[in-house]
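S.K.:
Numbering (the numbering used here), first residue to last: 18 to 364.
(1) Going straight from the alpha carbon of residue 154 to that of residue 67, what length do you get?
(2) Which term fits residue 20, buried or exposed, when burial requires 16 or more other beta carbons within 10 angstroms of its beta carbon?
(3) Apply the 10 Å Cβ neighbour rule to residue 254 and answer buried if 16 or more other Cβ atoms are within range, or exposed otherwise.
(4) Whose C-beta lies closer than 8 Å to the C-beta of residue 120 among residues of the same chain, with five residues either side of it excluded?
(5) Between the alpha carbons of residue 99 and residue 332, how many angstroms are there, rounded?
(6) Measuring alpha carbon to alpha carbon, tell me which of 193, 48, 37 and 295 ends up nearest residue 320.
(7) Is residue 143 helix, strand or coil when you go by DSSP?
(8) Using a Cβ-Cβ cut-off of 7 Å (strictly less than) and excluding sequence neighbours within five positions of residue 340, which residues of its own chain qualify?
(9) Assign residue 121 to one of three DSSP states: helix, strand, or coil.
(10) Can you tell me which of 236, 216, 87 and 104 puts its alpha carbon nearest to the alpha carbon of residue 61?
(11) How about residue 182 and residue 162: do their beta carbons lie closer than 7 Å?
(12) Who are the Cβ neighbours of residue 257 in its own chain at under 6 Å, not counting the five residues just before and after it?
(13) Taking Cβ positions, are residue 134 and residue 127 nearer each other than 7 Å?
(14) Drop a sphere of 10 angstroms on the beta-carbon of residue 245, count the other beta-carbons inside from all chains shown, and report buried for 16 or more, exposed for fewer.
(15) Count Cβ pairs between the segment 260–276 and the segment 20–34 that sit closer than 8 Å; are there 3 or more?
(16) When burial is assigned at 16 or more other CB atoms within 10 Å of the CB, is residue 165 buried or exposed?
(17) Please work out which residues of its chain come closer than 8 Å, Cβ to Cβ, to residue 217, disregarding the five sequence neighbours upstream and downstream, and give them in chain order.
(18) What residue range is occupied by the uninterrupted alpha helix (DSSP H) comprising residue 293?
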């Protein structure tokens, strides 16, 4: 079943992340000290992505074998991310300073490619070369856990398997000083489990239209409150201040669709399809526009900053859509042909 509201949520989540980085572009790059915008909650688009991912995997992968599921996820996620990582690495090798990186590091490059966390000398996690890839590290972890669950019969056994593995990881992260276990045991991974739980529970019952709207309203209001008082959002409490509202929003959107209310706009559906491409490419677009704004002196006036932000946002959507159509889709299809045995495709 195709959930149109889930596709719309993917679009909204991608727009939120874009908005978050547009704010960052102004406050930390082209308009430093000139345009403070103390609002951070647009970054919760990632948390909505995590909950949606858990929901979609539970809804769509029930009949797949572990191998087929893992292959499909690799073909879907890896090619475009690797292309983005190679592009960033090549720019660094050419001497460009992007994403606040001063140069190319082979070890960081390798770890970025294989979704492994990178740590500074003090043991704190730092972002991969394509910095939004931090979320893909957790996405791939979830796919690995979900692959294990597919060895169990369809039903609560699978959800229980994932829940157990996640709780074990969180416990290990809390009880050890090992950097890798602390990284993988981030409570944010509970958001994937919550998405699975939403799918399982909504097979039996959903919220009424009124309750669904109230759930969405409560979730959005909580995110706004967290954004207005950013000191609330401690690193270990992200799952509370962003995750729980994301759960309410996803539950509300799913319930609305099951009650016959869908966000079937062609634009939103297309942007939902292109959300992964937008997520990976928008940071390149914003870097290019930001550097151009500084080079041309547009960032010296409020009007120039507004113009730069408008151009960056519109161009990011355009580049993301083009990348989805002409790069992501062909790359994904090619990866599936390579990774899937011919007899499986024929069958």
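The beta carbon of each residue, even a glycine, is placed where N, CA and C say it ideally should be.
M.R.: Reading off the structure:
(1) 12 Å
(2) buried
(3) exposed
(4) 109
(5) 22 Å
(6) 48
(7) strand
(8) 294 and 298
(9) coil
(10) 236
(11) yes
(12) none
(13) no
(14) exposed
(15) yes
(16) exposed
(17) 75, 173 and 176
(18) 292–313
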